[in-house]
Amino acid sequence: MSESWPPQLKDWVAKCLGQVTDSNRAEVQTELKQVISDAYQAKTLWSTDWNGVQLQSLLPKPTPHLQLKRRFEDKPTPSKKKKLLNKDKSSTSSSSQDHLDQAALNRRAERFSREHEIERQKTLKSGQNSSHHVSFINRIQNNSRSGSSTPYPADGPEGGERDWDKFTIVGTSQNIFKDYLRLTTEPDPKDIRPFRILQKTLVELKKRWRENNDYPWICNQFKSIRQDLTVQRIQNDFTVQVYEIHARMALEASDMVEYNQCQGMLKILYERGLSGCNDEFTAYRILMFLHGMNRSDLNLFVGHLTTKQKEQSAIKHALEVQRVLLTNNYHTFFDLYQNAPNMGGYIMDHFVDRERTKALMVMSKAYQQMPVAFIQSELAFESVSHAVEFLTNHNAGVFQNPNVPDQDKILACRSVQGALSEVFVERGLSCDLPVYLKLGSVPSPANSILHSPS
1 MSESWPPQLK
11 DWVAKCLGQV
21 TDSNRAEVQT
31 ELKQVISDAY
41 QAKTLWSTDW
51 NGVQLQSLLP
61 KPTPHLQLKR
71 RFEDKPTPSK
81 KKKLLNKDKS
91 STSSSSQDHL
101 DQAALNRRAE
111 RFSREHEIER
121 QKTLKSGQNS
131 SHHVSFINRI
141 QNNSRSGSST
151 PYPADGPEGG
161 ERDWDKFTIV
171 GTSQNIFKDY
181 LRLTTEPDPK
191 DIRPFRILQK
201 TLVELKKRWR
211 ENNDYPWICN
221 QFKSIRQDLT
231 VQRIQNDFTV
241 QVYEIHARMA
251 LEASDMVEYN
261 QCQGMLKILY
271 ERGLSGCNDE
281 FTAYRILMFL
291 HGMNRSDLNL
301 FVGHLTTKQK
311 EQSAIKHALE
321 VQRVLLTNNY
331 HTFFDLYQNA
341 PNMGGYIMDH
351 FVDRERTKAL
361 MVMSKAYQQM
371 PVAFIQSELA
381 FESVSHAVEF
391 LTNHNAGVFQ
401 NPNVPDQDKI
411 LACRSVQGAL
421 SEVFVERGLS
431 CDLPVYLKLG
441 SVPSPANSIL
451 HSPS
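Here the sequence shown is numbered in UniProt numbering, starting from 1 and rising by one per residue.
Quick look at the structure:
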């Protein structure tokens, strides 16, 4: 699992396992794994109030002895009063002992919580936080085999802080390149490259990317680096650099799956205070929200930005893109598209055709005819032939002079309005029809051949 684990979940697991006995260990661990797995599949690890979750396997169960005792105690006979009194005293003593046992379990759970906090603070200071890719479910399963009732190794001989370093894998492989393979067993140190070798690997990968742009091979190698960093719990500025470089390469190759994975990990690393290009990737997140037309999450995300962040050039550009889309100002949108900083243009590539279709729907209503050369310039096509190809693919390739070169073709606007609307709906571009005309955002082309409808 690549998702980070909330502290409340860690404390809850520690508390539950602190109440495990030999008789219920298997049942508790089975239920615990199922609850965490269900929450992970439902993506509710962070939203669940774990303090209020109760495992059925930890609920007290009446024993046959107590049931038999209640049946005979309903009507005690005078000859048994003395024995009953002795039983009451014994019961009181037993309750007191149960209370002491519960108090001990509570203290153990509190100790787990303190140790979680000590570990977190320790790793934050060293710049190498423990990886959240490690599965709690696997830990529970391993502890079941060893007979331990706690999710972590036992305290040291002095009962103090645990020696976490001895449980961290340190690789010994000297190979610069290594194919990515999904781990199905515990990683072997001889197959893992240490930090020093990983630094050399990154230098070589950047060099090869500049030389031949073989993305499938480069992507495989970067996933292998990320895996080696994860199993060795290396989270520092170098880790940030690896994910940032891989994310940029993925954008250039239109590999949005790997980009999203890198962006998700970068969010975690930035939140831990590690240095990197936070502003650049914050701008990318805004553009990705716009690509997905996820307005509610975008508004929530932008609301948490500071004034200083909003003044940063890349973020400022992304927020301007948001503004012009809200106001349906396609003229300014395509100007921003052509002048996107960093790799922002690669993200905008994924929704620029949607905006071109919307713009053409408005332009075809505003004008009776339009030169394709004007469309190419206004909607930021790479060439006139590219504009003609786009119109044809969107069932709008209807020209008043179809037999002339592309540079001289004139679009018959009235004939393509219906086709553009149908394509807009059929291709799932589910957003409100633009209102550019009401906002006065249609540009006034210089070519006199354009005429407004009467």
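Here a beta-carbon is modelled for each residue, glycine too, at the ideal position from N, C-alpha and C.
Small disclaimer: the values here were computed from a predicted structure and weren't measured.
**Message:** Check for me: the alpha helix (DSSP H) holding isoleucine 315 runs from which residue to which?
**Reply:** Residue mapping note: residue 315 aligns to position 315 of the sequence shown, counting from 1. Its alpha helix (DSSP H) spans residues 313-326.
**Prompt:** Do the region 360-372 and the region 335-347 touch if we need at least three Cβ pairs shorter than 8 Å?
**Reply:** no
**Prompt:** Rounded to a whole number of angstroms, what is the C-alpha to C-alpha distance between arginine 70 and serine 57?
**Reply:** Residue 70 sits at position 70 when you count from the first residue of the sequence shown. Residue 57 sits at position 57 when you count from the first residue of the sequence shown. Residue placement at arginine 70 cannot be trusted, given a pLDDT of 45 that sits under 50; what the coordinates show is reported in the next sentence. Taking the straight line joining both Cα atoms gives about 24 Å.
**Message:** Could you tell me the alpha carbon to alpha carbon distance between glycine 345 and histidine 317, rounded to whole angstroms?
**Reply:** Within the sequence shown, the letter at position 345 stands for residue 345. Within the sequence shown, the letter at position 317 stands for residue 317. Those two C-alpha atoms are separated by around 11 Å.
**Request:** Kindly say whether valine 425, judged by its beta-carbon, lies nearer than 8 Å to any beta-carbon of chain D.
**Result:** Going by chain labels, chain D is absent from the structure shown, which holds only one protein chain.
**Message:** Suppose the cutoff is 7 Å on Cβ atoms and the five residues either side in sequence are ignored; what does the same chain contact list for alanine 380 look like?
**Reply:** Against the sequence shown, residue 380 aligns to sequence position 380. Within the same chain, alanine 380 has close Cβ partners Phe334, Tyr337 and Gln338.
**Item:** Collapsed DSSP secondary structure at glutamine 368 in the structure displayed
**Value:** Here residue 368 is taken as the residue at index 368 of the sequence shown, counted from 1. It is coil, neither helix nor strand.
**Cut-off 7 Å between Cβ atoms - residues of its own chain near threonine 357, not counting five sequence neighbours on either side** = Within the sequence shown, the letter at position 357 stands for residue 357. Hits under 7 Å: His394, Leu420, Val423, Phe424 and Leu429.
**Prompt:** For phenylalanine 399, which beta-bridge partners are listed by DSSP?
**Reply:** For the purposes of this step, residue 399 is identified with residue 399 of the sequence shown, where counting begins at 1. BP columns for phenylalanine 399 point to Leu411.
**Asked** Does the beta-carbon of methionine 293 have 16 or more other beta-carbons within 10 angstroms, so that it is buried, or is it exposed?
**Response** Translated into positions along the sequence shown, residue 293 becomes position 293. Methionine 293 counts as exposed, since fewer than 16 other beta carbons sit within 10 angstroms of its beta carbon.
**Request:** Compute the minimum distance between the beta carbon of glutamate 211 and the heavy atoms of the ligand MN, and state whether it is under 7 Å.
**Result:** As far as ligands go, the structure on display features none, and thus does not contain the ligand MN.
**Item:** Close-in-space but distant-in-sequence residues of the same chain around valine 134 (CB under 7 Å, 5 per side omitted)
**Value:** As a position in the sequence shown, residue 134 is number 134, starting the count at 1. For valine 134, the predicted model reports a pLDDT of 43, less than 50, meaning its position is unreliable and no value from the coordinates is stated.
**Request:** Less than 8 Å between the CB atoms is what I'm expecting for isoleucine 197 and tryptophan 209, so what's the real figure, rounded?
**Result:** Translated into positions along the sequence shown, residue 197 becomes position 197. Translated into positions along the sequence shown, residue 209 becomes position 209. That pair is no contact at about 19 Å.
**Item:** Residues near valine 398 by beta carbon distance below 6 Å, same chain, minus five either side
**Value:** Counted from its first residue, the sequence shown places residue 398 at position 398. Same-chain partners within the cutoff: Ala412, Ser415 and Val416.
**Message:** Nearest by alpha-carbon distance to threonine 30: which of Val13, Lys310, Lys308 and Thr44 is it?
**Reply:** The residue labelled residue 30 in the question sits at position 30 within the sequence shown. Ranking Val13, Lys310, Lys308 and Thr44 by Cα distance to threonine 30 puts Val13 first.
**Asked** Since methionine 256 is in the alpha helix (DSSP H), which residue starts that stretch and which ends it?
**Response** Sequence index remark: in the sequence shown, residue 256 carries index 256 (1-based). 256-271 is the extent of the alpha helix (DSSP H) around methionine 256.
**Message:** Looking only at its chain, what residues have a beta carbon closer than 7 Å to the beta carbon of lysine 200, apart from the 5 residues adjacent to it on each side?
**Reply:** Within the sequence shown, numbered from 1, the residue matching residue 200 stands at position 200. Closer than 7 Å at the Cβ level, and outside the excluded window around lysine 200, lie Ile176.
**Message:** Counting beta carbon pairs with one atom in the region 44-56 and one in the region 5-19, are three or more of them shorter than 8 Å?
**Reply:** yes
**Message:** Given this structure, state the Cα-to-Cα distance separating threonine 21 from leucine 305, to the nearest angstrom.
**Reply:** Position 21 of the sequence shown holds residue 21. Position 305 of the sequence shown holds residue 305. For the pair threonine 21 and leucine 305, the Cα-to-Cα distance works out to about 48 Å.
**Message:** Our contact map puts tyrosine 259 next to leucine 251 with C-beta atoms below 8 Å; I'd like the distance itself, whole angstroms only.
**Reply:** Taking the sequence shown and counting its residues from 1, the one referred to as residue 259 is at position 259. Taking the sequence shown and counting its residues from 1, the one referred to as residue 251 is at position 251. Right, their Cβ atoms sit about 6 Å apart.
**Message:** With the cut-off set at 8 Å, would you say valine 170 and glutamine 232 are in Cβ contact?
**Reply:** The residue you call residue 170 lines up with position 170 of the sequence shown. The residue you call residue 232 lines up with position 232 of the sequence shown. Yes, the Cβ-Cβ distance between valine 170 and glutamine 232 is below 8 Å.
**Own chain partners of alanine 314 with C-beta closer than 6 Å, once the 5 adjacent residues on each side are dropped** = Position 314 of the sequence shown, counted from the start, is the residue given in the question as residue 314. Cβ neighbours of alanine 314 beyond the five flanking positions: Asp279, Glu280, Ala283, Pro341 and Asn342.
**Asked** Where do the ends of the alpha helix (DSSP H) carrying arginine 25 lie?
**Response** The residue labelled residue 25 in the question sits at position 25 within the sequence shown. Arginine 25 -> alpha helix (DSSP H) spans 25-41.
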